[in-house]
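Asker:
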């Protein structure tokens, strides 16, 4: 039976905001897949999303019953296991549209790189909360966490999956900044990366990834090719105007001009149907969610717990920023989903786990208040 004090410290405000965002996601996915749903009422991606949502909620609930302090000792093993899965993807992963990102076991497909987003948080939180690593750690103490980050980033880039690699890098960087880093180390890091920019551009990035970056700088470079996605997305968002065209009435969506509309460009579907007002509501909900999760980090009485919350919040924050920036033309198209809104099983499960860990820290803060 769960301790009464755990229930009293459960932050329900996070859950209400989360349910509001998920509801927007379900409405948008239903609209994006409306034709498929009408053709196959009992077998469509919308029903699959409901199944993934049920699994995600189950994972979130289960994560509440495990004291997060116990994860400190097993996180290196979990990190190593997920890193091994990323290596397996390189050899035996399922290839879709030129990318090898998925593993399939007994008919179940999953994306190991999505799990790395939460595993890297646990790994870095455990490292930086140890007594041997003070605030504003020395350069020598930063070598190991940098290696923890670079290893999965390079493996994910090789899939190739630039968006997930950027997301993992952003999460790790946020945790390191929260711990504290001296400006001279930042300068050293920036200068040491400069020699690698040209080799990365020439050899690491795929031709289509280079094209997408160039499209960001020159939108008219290839309007019917590499620039088609972002062009149609901006048309959809702009045509929504103030109040939108109404549910199921988005023309860019209905006429199939908008590509990847149930995953990467789900925000465009929502913006076209609900306009500037609906878009502002969704963005404000994300801002509120991040504020509430950071409040949990501020209330935490131990360093490990606060680092977990900061990392999980960074996961949600950066993925939302990258996706929305991508679909409105402020960032290059890198193939990253909108948290809790886009279709996707692995992503939804890991995001629900992230919320579960944030609530886990919130529920157990009384332990450190009474010691």
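Numbering (our numbering), first residue to last: 24 to 394. C-beta atoms are modelled at their ideal positions from N, C-alpha and C, and glycine is treated no differently. Note that the structure is a prediction, hence the values are computed from the model and not measured.
1. Is it right to say residue 93 is buried, meaning 16 or more other beta carbons lie within 10 angstroms of its own, or is it exposed?
2. Is residue 122 helix, strand or coil when you go by DSSP?
3. In three-state terms, what does DSSP make of residue 182?
4. Rounded to a whole number of angstroms, what is the C-alpha to C-alpha distance between residue 379 and residue 228?
5. Considering only residues of the same chain and omitting the five flanking positions on each side of residue 95, which have a CB-CB separation below 7 Å?
6. By the 10 Å Cβ neighbour count, where 16 or more other Cβ atoms means buried, how is residue 39 classified, buried or exposed?
7. Just tell me which of 159, 350, 177 has its CA closest to the CA of residue 206.
8. Taking residue 134 as part of the beta strand (DSSP E), name the residues at either end of that continuous run.
9. To the nearest angstrom, how far is the alpha carbon of residue 279 from that of residue 334?
10. Of all the options 355, 259, 204, 109, which has the alpha carbon lying nearest to the alpha carbon of residue 174?
11. In angstroms with no decimal places, state the Cα-to-Cα distance between residue 221 and residue 63.
12. Sort 356, 341, 346, 363 by Cα distance to residue 191 and report the nearest one.
13. If you count every other CB in all the chains shown that lies within 10 Å of the CB of residue 127, and 16 or more means buried, which is it?
14. Answer yes or no: do residue 384 and residue 54 have a C-beta to C-beta separation smaller than 7 Å?
15. Tell me whether residue 75 is buried or exposed, calling it buried when 16 or more other Cβ atoms sit within 10 Å of its Cβ.
16. Taking buried to mean at least 16 other C-beta atoms within 10 Å of its own C-beta, is residue 168 buried or exposed?
17. Quick check: what's the CA-CA separation for residue 163 versus residue 170?
18. Can the beta-carbon of residue 336 be found closer than 7 Å to that of residue 351?
19. When the Cα atoms are used, what is the spatial distance from residue 106 to residue 382?
20. Take every Cβ of the region 362-376, pair it with every Cβ of the region 194-211, and state whether three or more of those distances are shorter than 8 Å.
21. By alpha-carbon positions, which one of 91, 356, 71 ends up nearest to residue 232?
Answerer: The structure says:
1. Numbered from its first residue, the chain shown carries residue 93 at position 70. Residue 93 comes out exposed.
2. Locating residue 122 in the chain shown gives position 99, where the first residue counts as 1. Here residue 122 sits in strand by DSSP.
3. Sequence index remark: in the chain shown, residue 182 carries index 159 (1-based). Judged by DSSP in its simplified three-state form, residue 182 adopts coil rather than helix or strand.
4. As a position in the chain shown, residue 379 is number 356, starting the count at 1. As a position in the chain shown, residue 228 is number 205, starting the count at 1. Each residue's Cα considered, the two are about 35 Å apart.
5. Indexing the chain shown from 1 puts residue 95 at position 72. Correct list, in chain order: 149, 327.
6. One-based indexing of the chain shown puts residue 39 at position 16. Under this definition residue 39 is an exposed residue.
7. As a first step, residue 206 is located in the chain shown; it is residue number 183 there, counting from the start. The shortest C-alpha separation from residue 206 is found at 159.
8. Position 111 of the chain shown, counting from 1, holds the residue named residue 134. No beta strand (DSSP E) contains residue 134, which DSSP labels as neither H nor E.
9. In the chain shown, residue 279 corresponds to position 256, counting from 1. In the chain shown, residue 334 corresponds to position 311, counting from 1. In a straight line, the C-alpha of residue 279 is about 37 Å away from that of residue 334.
10. If you number the chain shown from 1, residue 174 lands on position 151. Per the C-alpha coordinates, the member of 355, 259, 204, 109 positioned closest to residue 174 is 109.
11. Here residue 221 refers to the residue found at position 198 when the chain shown is read from its first residue. Here residue 63 refers to the residue found at position 40 when the chain shown is read from its first residue. Each residue's Cα considered, the two are about 48 Å apart.
12. As a position in the chain shown, residue 191 is number 168, starting the count at 1. Checked all of 356, 341, 346, 363; the closest Cα to residue 191 is 341.
13. The sequence position of residue 127 within the chain shown is 104, counting from 1. Exposed.
14. One-based indexing of the chain shown puts residue 384 at position 361. One-based indexing of the chain shown puts residue 54 at position 31. No, these two residues do not count as a Cβ contact at 7 Å.
15. In the chain shown, the residue the question calls residue 75 occupies position 52. The residue is buried, with at least 16 neighbouring Cβ atoms inside 10 Å.
16. Residue numbering aside, residue 168 sits at position 145 when the chain shown is read from its first letter. Buried, by the Cβ-count rule.
17. As a first step, residue 163 must be located in the chain shown, where it is residue number 140. As a first step, residue 170 must be located in the chain shown, where it is residue number 147. Distance between the alpha carbons of residue 163 and residue 170: 12 Å.
18. Along the chain shown, read from residue 1 onward, the residue named residue 336 stands at position 313. Along the chain shown, read from residue 1 onward, the residue named residue 351 stands at position 328. 7 Å or more divides the Cβ of residue 336 from the Cβ of residue 351.
19. Indexing the chain shown from 1 puts residue 106 at position 83. Indexing the chain shown from 1 puts residue 382 at position 359. So the two alpha carbons sit approximately 26 Å from each other.
20. no
21. Against the chain shown, residue 232 aligns to sequence position 209. Cα-wise, what sits closest to residue 232 is 356.
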